[in-house]
Amino acid sequence: MTVHQPPPLRSTAAQRFQPLFQPLKIGPVTIKNRFYQTPHCNGMNRQHPSAMARMRGVKAEGGWGAVCTEQCDVHYSSCHPRELRLWDERDLPILIPAVEQIHAGGALAGIELAHNGFHVQNFETRAIPLAPSGTPTRGTAPVHARAMDLEDIRNFRRWHRQAALNAKRAGFDIVYVYAGHDMTLPSHFLSRRHNQRIDAYGGSLENRVRLLRELLEDTKDAVNDRCAVALRFSVDDLSEPDGRGCENESRDVVAMLAELPDLWDVNLSDFANDGQTSRFSSEGFQEDYIRFVKNVTSKPVVGVGRYTSPDRMLSLITSGVLDLIGAARPSIADPFLPQKIETGAFDDIRECIGCNLCVASDKLSAPIRCTQNPTIGEEWRRGWHAESIAPANTGDRVLVVGGGPAGLEAATWLGRRGYHTVLAERGAQFGGRVIREATLPGLATWRRVADWRLHQLRKDPNVTLLPTNDVSADVALDSDFTLLAVATGADWRSDGVGRTHSRALPGLGTLPIFTPDDILVGRRPEGRVVIFDDDHYYMGGVIAELLAAAGCEVTFVTPESLVSAWTVNTVEQPRIQKRLIESLAAVWVSTKLVGLEAGFAELACCFTGRCRRIAADAAVLVTSQTPRDALYHDLIAQRRGPQAPRVVRIGDCLAPGAIAAAVFSGHLFARTLDNDLPDRPPFRRENVAPDWDQPFGAEAASSMLKGDLRCAT
Ligand code: ADP
Ligand code: SF4
Numbered sequence: 037m038t039v040h041q042p043p044p045l046r047s048t049a050a051q052r053f054q055p056l057f058q059p060l061k062i063g064p065v066t067i068k069n070r071f072y073q074t075p076h077c078n079g080m081n082r083q084h085p086s087a088m089a090r091m092r093g094v095k096a097e098g099g100w101g102a103v104c105t106e107q108c109d110v111h112y113s114s115c116h117p118r119e120l121r122l123w124d125e126r127d128l129p130i131l132i133p134a135v136e137q138i139h140a141g142g143a144l145a146g147i148e149l150a151h152n153g154f155h156v157q158n159f160e161t162r163a164i165p166l167a168p169s170g171t172p173t174r175g176t177a178p179v180h181a182r183a184m185d186l187e188d189i190r191n192f193r194r195w196h197r198q199a200a201l202n203a204k205r206a207g208f209d210i211v212y213v214y215a216g217h218d219m220t221l222p223s224h225f226l227s228r229r230h231n232q233r234i235d236a237y238g239g240s241l242e243n244r245v246r247l248l249r250e251l252l253e254d255t256k257d258a259v260n261d262r263c264a265v266a267l268r269f270s271v272d273d274l275s276e277p278d279g280r281g282c283e284n285e286s287r288d289v290v291a292m293l294a295e296l297p298d299l300w301d302v303n304l305s306d307f308a309n310d311g312q313t314s315r316f317s318s319e320g321f322q323e324d325y326i327r328f329v330k331n332v333t334s335k336p337v338v339g340v341g342r343y344t345s346p347d348r349m350l351s352l353i354t355s356g357v358l359d360l361i362g363a364a365r366p367s368i369a370d371p372f373l374p375q376k377i378e379t380g381a382f383d384d385i386r387e388c389i390g391c392n393l394c395v396a397s398d399k400l401s402a403p404i405r406c407t408q409n410p411t412i413g414e415e416w417r418r419g420w421h422a423e424s425i426a427p428a429n430t431g432d433r434v435l436v437v438g439g440g441p442a443g444l445e446a447a448t449w450l451g452r453r454g455y456h457t458v459l460a461e462r463g464a465q466f467g468g469r470v471i472r473e474a475t476l477p478g479l480a481t482w483r484r485v486a487d488w489r490l491h492q493l494r495k496d497p498n499v500t501l502l503p504t505n506d507v508s509a510d511v512a513l514d515s516d517f518t519l520l521a522v523a524t525g526a527d528w529r530s531d532g533v534g535r536t537h538s539r540a541l542p543g544l545g546t547l548p549i550f551t552p553d554d555i556l557v558g559r560r561p562e563g564r565v566v567i568f569d570d571d572h573y574y575m576g577g578v579i580a581e582l583l584a585a586a587g588c589e590v591t592f593v594t595p596e597s598l599v600s601a602w603t604v605n606t607v608e609q610p611r612i613q614k615r616l617i618e619s620l621a622a623v624w625v626s627t628k629l630v631g632l633e634a635g636f637a638e639l640a641c642c643f644t645g646r647c648r649r650i651a652a653d654a655a656v657l658v659t660s661q662t663p664r665d666a667l668y669h670d671l672i673a674q675r676r677g678p679q680a681p682r683v684v685r686i687g688d689c690l691a692p693g694a695i696a697a698a699v700f701s702g703h704l705f706a707r708t709l710d711n712d713l714p715d716r717p718p719f720r721r722e723n724v725a726p727d728w729d730q731p732f733g734a735e736a737a738s739s740m741l742k743g744d745l746r747c748a749t
């Protein structure tokens, strides 16, 4: 592994950004600069503590002044399935490695203590969830939360205080009280909607804020000698009539508690509002809501808004909107963002594209992934680093065919390793699908996937870029390359085959048919258009938006019960459904397209099979893709002799999927020069150890020592 070099002295251009590198006192601690990684979930949590710790450590190395954990449950009556916990000191070994990693990188370590109240169901612990007033828990499970009595409130304060003391023991510098995202007890108590109490904790705002005030006082009393106490607070939930807004109750709460926390970490609620994608919001989308906070408190304020532009960050600090630039997603896409600003390497910043693949991995309880940064989550497991890669260890000369995300990523890191690499692309432009998809409504920032890589490649003497080069097997084999990576992408099917239909749709040929590939190259249907979305991610929805805006009368048909159903994971789904309902002629859910005939499309209910015919002039089929792998198979068939090059497929050519998967595939290839499936996993696993001094744990431990349970990792 090449060691990441410390940054050179700040460039003249970067000196302008000096205000971003001023230290700032936060209660009893001092942050070295204004870059603050706010708490964010990552799907690793208590199941993958070493991976989580190393991921945080790399961010600290990248220059973030503070790096926080995700939320951490203070008691087993709040058992979030995907988060950290600090129920008592036995959880410390899970957390201490993160503190050590963060400190080793020179950052302050923060921990977001939390109790999720009725936001969770506690399936694991079977504790009845708690709430200010009795209510069903979030979601659809048959679980109710019970109203807390005064003793419950005293107990909760004690648990929170004890967790704060344990956090201090673990070495954390910043301890949070979390009243955000409409998903913690203090925020539930604050809410008129959730709190119908008639005692000292309900009714007036003064009463509803009481618990939050007490938690802040308790936490300060417990740890403020050494730790800063931060309040994560949502200033607006964008809802009426019982919501809290920055122009009414939230402003009053900030005024009431103004000087109590050492740091105000402010944002929007719920998470779908805080974590909006670029399809629905632009950089700095929270500013109008959080701007008032600094006028009400003298304490430091941190806020977020997918900030990736150094100029924007600078102006936030110099104009007094924020004291600290908060970031979750920008720190995931580029853990070295602060260092790149400090050294003037502005064009090297790998900007977040706002796609929320990272959020989706957390929702799916999978270790974090990112479209822009394929190394995130792999720092411990595979030993990958966001900026470094091992130098070449073979004498290969590599031809990468196809300049989409997979090919660009592979060539970028092969070049950095020192491999002489040629990247050939059939088209005049590099970027493949991202360049085309970035022209669809709301997806313009996705082009950053191509832009960042092209910028890296253009300054790399090891890589030759060959646009307008259609590579055939003859040409590739008639050269001195020893390794061929085929990154030629995939085609959308035009026969309707996908999850719903395993055979071609009846009636093809009776109506003009379009696929996403047609739309992406500018072909357009006219009149009454049926879109059949059997893909369920973004493509069907954005094409519907595009065609409706172009004047088509669009009917959207999906076998799922929700429009763009998978975007539940990227927290965009309700916004997409609203947009489509408002802009399309009709939206049919739980319905499949079963046939076409001149002037008509036949639809069927997924449950009853009942059919209906609707008038249609054209159909857009967004069903599934097939790898564009003819070149790969030609190469395999035609290569001869011991000198024949090795051939590897990567990206959508191997298996179509999300852009993040293509980037990951290209990166994996650059690191390993391969893409095969070895017998043993080529990465480390975390085996959660039994609790050794518990009866079962002791037994398991002793048999393990005898070799009974030993397993190789
Ligand atoms: P991925 O997401 O896997 O990177 P893309 O579809 O985005 O796939 O990119 C594949 C790229 O490969 C496209 O830009 C396409 O023009 C290019 N391509 C396909 N076949 C060839 C070929 N034979 N020679 C050169 N380029 C090719
Ligand atoms: Fe940004 Fe997308 Fe990466 Fe998340 S996955 S950090 S939204 S680029």
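Residue 37 is where the sequence shown starts when you use the working numbering, and the numbers rise one by one after that. Idealized CB from N, CA, C, for every residue including glycine. Small disclaimer: the values here were computed from a predicted structure and weren't measured.
Contact set for A396: own chain, Cβ-Cβ below 6 Å, skip 5 residues either direction:
To locate residue 396, count along the sequence shown from 1; it is residue 360. Contacts found: N605 and T606.
Exposed or buried, which one is S114 when buried takes at least 16 other CB atoms within 10 Å?
Residue numbering aside, residue 114 sits at position 78 when the sequence shown is read from its first letter. By the neighbour-count rule (16 or more Cβ atoms within 10 Å), S114 is buried.
Do Q137 and ligand 3 come close, with the Cβ less than 7 Å from some heavy atom?
Looking at this structure, you won't find ligand 3 anywhere; what it does contain is ligand 1 and ligand 2.
Any contact of the stretch 568 to 581 with the stretch 642 to 653, i.e. 3+ C-beta pairs under 8 Å?
no
P55 to L274 span [Cα, whole Å]
Here the question's residue 55 lines up with position 19 in the sequence shown. Here the question's residue 274 lines up with position 238 in the sequence shown. Using only the alpha carbons, I get a separation of about 32 Å.
Look at R315 and R342 and say whether their C-beta atoms are less than 8 Å apart.
By 1-based counting over the sequence shown, the position of residue 315 is 279. By 1-based counting over the sequence shown, the position of residue 342 is 306. No. Outside cutoff.
Per-residue DSSP class, three states only, for F592:
The residue you call residue 592 lines up with position 556 of the sequence shown. Residue state, collapsed to three classes: strand.
Closest by CA to L556, which one among H196, T66, M575 and R611?
Along the sequence shown, read from residue 1 onward, the residue named residue 556 stands at position 520. If we check each option's Cα against that of L556, M575 comes out closest.
Which of the three DSSP states is assigned to Q492 in this structure?
Walking along the sequence shown from the start, residue 492 turns up at place 456. Here Q492 sits in helix by DSSP.
Between the beta-carbon of P85 and the beta-carbon of G146, is there less than 8 Å?
For this step, residue 85 is matched to residue 49 along the sequence shown. For this step, residue 146 is matched to residue 110 along the sequence shown. Not a contact, by the Cβ cut-off of 8 Å.
Buried versus exposed, by CB contacts within 10 Å (16 or more), L376:
On the sequence shown, residue 376 is found 340 positions in, with the first residue counted as 1. Per the sequence shown, the amino acid found at residue 376 is Lys instead of Leu. When all chains shown are included, K376 counts as buried.
With C-beta atoms as the reference, is G98 less than 8 Å away from F307?
The count along the sequence shown starts at 1 and reaches residue 98 at position 62. The count along the sequence shown starts at 1 and reaches residue 307 at position 271. Not a contact, by the Cβ cut-off of 8 Å.
Rounded to whole angstroms, what's the CA-CA distance from S318 to R287? Just pull it up for me.
One-based indexing of the sequence shown puts residue 318 at position 282. One-based indexing of the sequence shown puts residue 287 at position 251. So the two alpha carbons sit approximately 24 Å from each other.
Quick one: which unbroken alpha helix (DSSP H) runs of 4-plus residues sit fully inside the stretch 218 to 301? Chain order, please.
221 to 226, 241 to 244, 246 to 259 and 285 to 293
Segment limits, beta strand (DSSP E) that includes I147
Within the sequence shown, residue 147 is the residue found at index 111, counting from 1. It spans L144 to A150 - the beta strand (DSSP E) in which I147 sits, taken as one unbroken run.
With a threshold of 16 other CB atoms inside 10 Å of the CB of C647, please say whether the residue is buried or exposed.
Counting from 1 along the sequence shown, the entry for residue 647 is found at position 611. Classification of C647: exposed, given that the 10 Å Cβ count is below 16.
Under 8 Å between the Cβ atoms of N711 and L690?
Against the sequence shown, residue 711 aligns to sequence position 675. Against the sequence shown, residue 690 aligns to sequence position 654. Yes; because the gap between Cβ atoms is below 8 Å, this pair is in contact.
Could you pull out every residue in the same chain whose Cβ sits closer than 6 Å to the Cβ of N309, ignoring the five residues on either side in sequence?
On the sequence shown, position 273 is the one that residue 309 refers to. Once the five neighbours on either side are set aside, the close Cβ partners of N309 are L274.
Short of 6 Å in beta carbon distance, which residues of its chain neighbour L62, apart from the five on each side in sequence? Order them along the chain.
Translated into positions along the sequence shown, residue 62 becomes position 26. Sequence check: residue 62 is Ile here, not Leu. Here the set comprises A264, D298, L299 and P336.
In angstroms, rounded to a whole number, what distance separates the CA positions of A50 and H491?
Residue mapping note: residue 50 aligns to position 14 of the sequence shown, counting from 1. Residue mapping note: residue 491 aligns to position 455 of the sequence shown, counting from 1. If I take the Cα positions, the gap works out to 19 Å.
Would you call the CB atoms of A102 and Y72 closer than 8 Å?
Indexing the sequence shown from 1 puts residue 102 at position 66. Indexing the sequence shown from 1 puts residue 72 at position 36. Contact: yes.
Close-in-space but distant-in-sequence residues of the same chain around M80 (CB under 6 Å, 5 per side omitted):
If you number the sequence shown from 1, residue 80 lands on position 44. Once the five neighbours on either side are set aside, the close Cβ partners of M80 are A87, M88 and P403.
For a test of the three-state rule: what should DSSP assign to Y214, helix, strand or coil?
One-based indexing of the sequence shown puts residue 214 at position 178. Correct three-state label for Y214: strand.
Let me make sure I understand the geometry here. Which of W624, H196 and R685 has the alpha-carbon closest to that of R664?
Residue numbering aside, residue 664 sits at position 628 when the sequence shown is read from its first letter. When each option's Cα is compared against that of R664, the closest is R685.
Can you say whether W195 is buried or exposed, counting buried as having 16 or more other CB atoms within 10 angstroms of its CB?
The residue you call residue 195 lines up with position 159 of the sequence shown. So W195 ends up on the buried side.
Identify the continuous beta strand (DSSP E) that holds P663 and give its terminal residues.
Within the sequence shown, residue 663 is the residue found at index 627, counting from 1. It spans Q661 to P663 - the beta strand (DSSP E) in which P663 sits, taken as one unbroken run.
Per DSSP, L501 is paired with what?
One-based indexing of the sequence shown puts residue 501 at position 465. Its beta-bridge partners are L459.
Tell me where the alpha helix (DSSP H) around D324 begins and ends.
As a first step, residue 324 is located in the sequence shown; it is residue number 288 there, counting from the start. E323 to I326 is the extent of the alpha helix (DSSP H) around D324.
Helix, strand or coil at Q609 according to DSSP, with G and I counted as helix:
Numbered from its first residue, the sequence shown carries residue 609 at position 573. DSSP places Q609 in helix when its eight states are reduced to three.
For V566 and A486, I'd like the C-alpha separation in whole angstroms.
Looking up residue 566 in the sequence shown gives position 530. Looking up residue 486 in the sequence shown gives position 450. Each residue's Cα considered, the two are about 32 Å apart.
T749 versus R721: straight-line alpha-carbon distance, rounded
For the purposes of this step, residue 749 is identified with residue 713 of the sequence shown, where counting begins at 1. For the purposes of this step, residue 721 is identified with residue 685 of the sequence shown, where counting begins at 1. Reliability fails at T749, whose pLDDT of 31 lies under 50, so the model's placement of it is uncertain and the value that follows must be treated cautiously. About 6 Å.
Given 8 Å as the limit, is there contact between the stretch 158 to 167 and the stretch 179 to 188, that is, 3 or more CB pairs closer than that?
yes
Euclidean distance between Cα positions of P552 and I579
For the purposes of this step, residue 552 is taken as the residue at position 516 of the sequence shown. For the purposes of this step, residue 579 is taken as the residue at position 543 of the sequence shown. Spanning the two alpha carbons is a distance of roughly 8 Å.
Pick helix, strand or coil for A737, following the three-state DSSP scheme.
Position 701 of the sequence shown holds residue 737. Reliability fails at A737, whose pLDDT of 47 lies under 50, so the model's placement of it is uncertain and the value that follows must be treated cautiously. Looking at A737 - three-state DSSP - the assignment turns out to be helix.
Could you check the C-alpha separation between D510 and A696 for me, to the nearest Å?
By 1-based counting over the sequence shown, the position of residue 510 is 474. By 1-based counting over the sequence shown, the position of residue 696 is 660. Cα to Cα, D510 sits roughly 31 Å from A696.
Where in the stretch 69 to 105 do unbroken runs of the beta strand (DSSP E), each at least 3 residues long, occur, reported from the N-terminal end onward?
71 to 73
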